[in-house]
Amino acid sequence: MLLSVTVVLSLLSCVCGENPAVQVVLTNKGLQYGKHAAADWIQERLSTITFPDITGSVHIVFGDVDYTLTGITIVKCDLPEPSVEFLQNPPGFKTTISDLSIAITGGWRTHFGLINDGGTFDMAIFNVDVTSVVQLGKEADGHLSVSSISCDAQVGDVDIEFHGGASFIFQPFVEHFKGRIRDEIQKRLCPGVEENIESFENLLHVMNVSVDVNEVLSLALPLTDIPIIGASSMNVGLKGEFYNIKAPVEPPFEAQPFTMPDKPSYMLSVGMSDFTLNSASYAYFSAKLLQLLINDSMIPAISPVHLNTTSLGKFIPKLAEMYPDMLMSVLVYAQEAPKFSIQPDAVNVTIKAVAKASVILPNGTQIPVFTINVDSKFSSELWIDDGKLKGSVKMDNLTLTLASSEVGTFKTDSLEFLARKGGEIVLIRVNQKLGEGFLVLGTKHAQLVNSVLKKEKGFILISSDVQVSLT
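Numbering (mature numbering (1 follows the signal peptide of the UniProt record, and there is no 0)) for the sequence shown: -17 to -1, 1 to 454.
Structure, rendered in structure tokens:
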């Protein structure tokens, strides 16, 4: 029963008053699927579940008999479909199991005066009803919290057959003390449910609310507020911000609010705003990682243009005159963090960069010769195919402007043409990789299926069904 809830929460967890950059919506369809997945998992696990001993004392005609039921294991369970529903106040879930029947077996021991005896028993527990209400919340550090608000358990009837030992003496008196055993079982049900909820809460508490993506970036995913629950869905807002691991710093912009559309025909929807992409961009930029030093060894041998004064002197005459037959290097770096803008037709990226060219003297000294501003704009398409996120990128604009020069004024038209051609060659290779898929949508125990991706103004929306494997 608790698994009906924990499967759902695990999908969100994979989950401060600020606008969330990532929103996860669980629909009623997803909630009901989680219920079925949990029920199947429970059925598979029943044979491995053991219960604590039941001890007590019962008075029969001959006097008081102390008994212990030990080694209790489930041999069969008729598990009806549980009922799970969203609760708006308090925000959480209500789970109900009705008419549950369980067949168990174990050993019995009795102490009656000087007589100690024992054997085995078979027990059938009928018409078990359990109702649990779980509240969701948010801890100060952004962890999801779960707590038991109420629990009610009722056991309809119990039937016991004793075997071995002097069971023939006690069996006629089963009707006299089976009510006591039924009460013992009944009073243990809710504490057991609440103990498991507390264990899950402890698990959530130690889970990381940030994930290291690579050696540079960490993605922070704490809750921004208490989950918002409606009549047929639950919305969990996550911070969704990238930080530089070594030098974390807040970007000079904030996440903007966005509204998730209703997608009741899917189990799950995830929305990610362009803030998340821009925070990654800013994390790289603020750590001074968006720069590249290019030398001639990095230029393909078949290229018609190389990084030396003889080759570039065709476009910059004074360069070859002042520094004949010398190698060159170019330092390219971002002037500002590249800016992403998600629009319904494309994901646009604007990059403002600087290219500083230097001549390498025979003694290894580098002499700056000119600086060019590079303004570029790219647009990309994204889609989902075969369970992978795929895409393509095209160059919409590339403009070179001379910022300063130590080798005289020159036009940048030819260099701009060459840069465009070089960029197009690079994009061919990039698009080959993007077309193969660069992100598998799923984890070890959950796979997204029937997924669709849609670009909205300011955010990307992925709606999907889920296949969960809890074996």
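The C-beta atom is built at its ideal place from N, Cα and C for all residues, glycine as well.
Excluding the 5 residues preceding and the 5 following E413 in the sequence, name in chain order all residues of the same chain whose CB lies nearer than 8 Å to its CB. In the sequence on display, residue 413 carries Val and not Glu. Closer than 8 Å at the Cβ level, and outside the excluded window around V413, lie V376.
Pick from D124, E122, D49, T78 that is closest to G101, judged by C-alpha positions: D49
Straight-line gap, D448 to E364 (C-alpha atoms, nearest Å): 22 Å
For I87, which beta-bridge partners are listed by DSSP? I57, M106
What are the residues that DSSP puts in a beta bridge with I355? A338, L385
Is A86 near D142, with beta carbons less than 7 Å apart? no
Would you mind giving the Cβ-Cβ distance between L204 and G223, rounded to the nearest angstrom? I have them listed as a contact below 8 Å. 6 Å
Member of F236, L381, E144 whose CA lies at the smallest distance from the CA of E1: F236
So, with DSSP's three-state summary, where would you put E144? strand
With a 10 Å radius around its C-beta and 16 neighbouring C-beta atoms as the bar for buried, classify A284 as buried or exposed. The residue in question, A284, is exposed, as its Cβ has fewer than 16 Cβ neighbours within 10 Å.
With a threshold of 7 Å on Cβ separation, who are the neighbours of A263 within its own chain once the five nearest residues in sequence on each side are excluded? L200, F225
Hey, quick one: how far does the beta strand (DSSP E) through V449 stretch, first residue to last? Following the DSSP letters along the chain, one finds V449 inside the beta strand (DSSP E) bounded by residues 442 to 451.
Contacts around V435, its chain only, beta-carbon distance under 6 Å, and the 5 residues preceding and following it disregarded: S446
Reference V192, options L221, S387, F109, K77, closest by Cα: Per the Cα distances, L221.
Would you kindly work out how many angstroms separate the C-alpha atoms of L202 and V5, rounded to a whole number? Cα to Cα, L202 sits roughly 11 Å from V5.
Helix, strand or coil, according to DSSP, for G46 in the structure here? strand
Skipping 5 residues on each side, what residues in its chain have a beta carbon closer than 6 Å to that of F109? S84, G139, D140
Taking the straight line between their C-alpha atoms, what separation do you get for K437 and N380? Answer to the nearest angstrom: the Cα atoms are 25 Å apart.
Between the beta-carbon of G54 and the beta-carbon of G90, is there less than 7 Å? yes
In whole angstroms, what separates the C-alpha of C60 from that of P210? 34 Å
Kindly list the residues whose CB is nearer than 6 Å to the CB of A320, restricted to its own chain and excluding five residues on each side of it in sequence; keep chain order. Same-chain partners within the cutoff: S264, Y265, F268.
Excluding the 5 residues preceding and the 5 following S324 in the sequence, name in chain order all residues of the same chain whose CB lies nearer than 7 Å to its CB. Around S324: D257, N331.
I need the boundaries of the alpha helix (DSSP H) containing N261, first residue and last residue. 257 to 269 is the extent of the alpha helix (DSSP H) around N261.
Pull up the distance between the alpha-carbon of L272 and that of V409, whole angstroms please. Using only the alpha carbons, I get a separation of about 20 Å.
Using the rule of at least 16 other Cβ atoms within 10 Å of the residue's Cβ for burial, across every protein chain shown, is L444 buried or exposed? Result: buried.
Which residue marks the beginning of the beta strand (DSSP E) containing Q326, and which one marks its end? Looking at the DSSP string, the run of the beta strand (DSSP E) that includes Q326 is 322 to 326.
Is the distance from the Cβ of V116 to the Cβ of K77 below 7 Å? Their beta carbons are under 7 Å apart, which means V116 touches K77 by this criterion.
Since D279 contacts T293 with CB under 8 Å, what's their CB separation in whole angstroms? D279 to T293, Cβ: 11 Å. No contact.
Using DSSP with H/G/I as helix, E/B as strand and the rest coil, what is K301? helix
Can you grab the Cα-Cα spacing for the pair I277 / A340, in whole Å? As the crow flies, the alpha-carbon of I277 is around 9 Å from that of A340.
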